[in-house]
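Novice: I have a structure I would like to understand better, so I am pasting it below and will then ask my questions one at a time.
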Amino acid sequence: MRAVVITRGGGPEVLKAQDVEDPAPLGEGEVLLQVAAAGVNRADTLQRHGRHPPPAGASPYPGLECSGTILALGPNVPSRWSIGDKVCALLSGGGYAEKVVVPAGQLLPVPEGVSLTDAAGLPEVACTVWSTVFMTSHLSPGESFLIHGGSSGIGTFAIQIAKHLGIKVFVTAGSEEKLAVCKDLGADVCINYKTEDFVERVKQETNGKGVDVILDNIGGSYLQRNLNSLGVDGRLFIIGFQGGAVAEVNLQAVLARRLTIQAAGLRGRSLANKAQIVSEVEKNVWPAVTAGKVKPVIYKTFPLSEASEAHRLMETSTHIGKILLLP
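Position one of the sequence shown corresponds to residue 0 (numbering that gives the first Met the number 0), numbered consecutively onward.
What follows is the structure, given as structure tokens:
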């Protein structure tokens with residue numbers, strides 16, 4: 000099969016589509032997929048630099064989500080899955096390839112009304128958002144929610160599911176074009192972080208109270224400002240460190256307002272934990288997707304052979320929504 004190989008650590012040019020061996024024989028509870036499309040994620044660019052290695056036993060090829068067709072079933076796969084089913088999947092790696100092996104617990108049916116290609120843009124964002132701000136931070140109807148990077152794949156999904164559930168949505172983004180898309184998706188308060196202080200704007204819009212939950216991909220450089228933007232019993236969930244992993248912080252606000260700081264990724268979780276998240280997503284998110292309340296936002300697709308171009312685009316941060324690779 001063809002797969003994208005990271006030939007060495009470095010820039011986008013180190014990604015090469017090559018002929019590689021087919022995946023190993025299927026183990027207990029595994030399925031083999033013919034990949035239709037794979038999502039490109041910022042974590043893939045970190046893996047390319049050698050900073051986000053795959054877990055033990057995972058495929059060495061990048062790609063944390065895909066859509067495709069089931070080609071083969073291993074032993075003891077649940078009876079709901081059959082050869083020929085159209086699915087999308089959360090992966091530990093290997094999505095940038097023509098075929099990939101997936102534990103059955105990480106499969107989702109392609110939602111009605113979503114194309115097989117576009118479905119590749121759902122698993123990583125849905126599982127990330129649902130496992131963080133809903134399963135862990137318990138974001139609830141009637142609360143307020145600040146999303147940094149509102150025009151990203153994560154952001155465009157988070158806006159839609161939060162609005163569907165009756166939550167007031169604040170977003171930051173770096174251009175008026177991006178903010179306009181966020182507004183169209185349902186964001187209530189759109190803040191250009193290049194021209195406005197998001198802490199001040201949040202305070203204005205909440206009569207000084209602050210928001211209930213923040214989803215943050217920046218990390219260190221935003222930590223104090225995020226804490227300053229939270230209300231009593233507020234929860235900050237960190238999923239990335241684009242602004243660094245180290246910060247000095249005044250903890251008085253944490254104590255005075257009973258704030259909670261949380262952080263987690265998806266890739267390193269156990270199979271059982273991932274299966275639980277995928278099950279929760281199917282139960283709680285998929286009905287909203289099927290009803291057309293939440294849609295994948297696809298910015299651009301590239302052939303597998305142009306994975307380096309997809310990474311270049313990802314690293315410019317000029318895209319809005321998801322970037323996909325097509326084998």
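All C-beta atoms, glycine included, are put in the ideal place defined by N, C-alpha and C.
Since we're looking at a predicted model, the values are computed, not measured.
(1) Taking DSSP as the reference, what is the three-state secondary structure of Phe240?
(2) Who are the Cβ neighbours of Val231 in its own chain at under 7 angstroms, not counting the five residues just before and after it?
(3) Please go through the same chain and pick out, in chain order, the residues whose beta-carbon is closer than 6 angstroms to the beta-carbon of Glu142, but skip the five residues on each side of it.
(4) Any idea what DSSP makes of Pro24, helix, strand or coil?
(5) Note down the Cα distance separating Leu164 from Thr300, rounded to an integer number of angstroms.
(6) What residue range is occupied by the uninterrupted beta strand (DSSP E) comprising Glu97?
(7) List the endpoints of the continuous alpha helix (DSSP H) containing Arg7.
(8) From Trp129 to Ser220, what does the alpha carbon distance come to, in whole angstroms?
(9) Any contact between the stretch 45-54 and the stretch 117-134? By contact I mean 3 or more CB pairs, one from each, below 8 angstroms.
(10) Does the Cβ-Cβ distance between Leu70 and Leu31 come in under 7 angstroms?
(11) Does Ala306 pass the burial test, meaning 16 or more other C-beta atoms within 10 Å, or should it be called exposed?
(12) Look up Lys167 in the DSSP assignment and say whether it is helix, strand or coil.
(13) Taking C-alpha atoms, which residue in Lys162, Arg266, Ser150 lies nearest to Asp215?
(14) Would you say Gly218 reaches chain B, if we count a Cβ-Cβ gap shorter than 7 angstroms as a contact?
(15) With 16 other CB atoms within 10 Å as the buried threshold, where does Thr194 fall?
(16) Counting C-beta neighbours from all protein chains within 10 Å, is the total for Ile276 16 or more, i.e. buried, or is it exposed?
(17) So Thr259 is in the beta strand (DSSP E); what residue range does that whole segment cover?
(18) For Ala287, which residues of its own chain have a beta-carbon under 7 angstroms away from its beta-carbon, when the five flanking residues on both sides are left out?
(19) Please name the residue or residues paired with Ala88 in a DSSP beta bridge.
Specialist: The short version:
(1) coil
(2) Arg256, Arg257
(3) Ile166, Asp211
(4) coil
(5) 30 angstroms
(6) First-last for Glu97: undefined, no H or E at that position.
(7) Counting along the chain, Arg7 falls outside any alpha helix (DSSP H), and DSSP gives it neither H nor E.
(8) 25 angstroms
(9) No, the stretch 45-54 does not touch the stretch 117-134.
(10) Between Leu70 and Leu31, the gap from beta carbon to beta carbon is short of 7 angstroms.
(11) Buried.
(12) strand
(13) Per the C-alpha coordinates, the member of Lys162, Arg266, Ser150 positioned closest to Asp215 is Ser150.
(14) Note that chain B does not occur in the displayed structure, where there is just one protein chain.
(15) exposed
(16) Buried, by the Cβ-count rule.
(17) 259-262
(18) The answer, listed in chain order, is Ile160, His163, Val293.
(19) Cys65, Leu106
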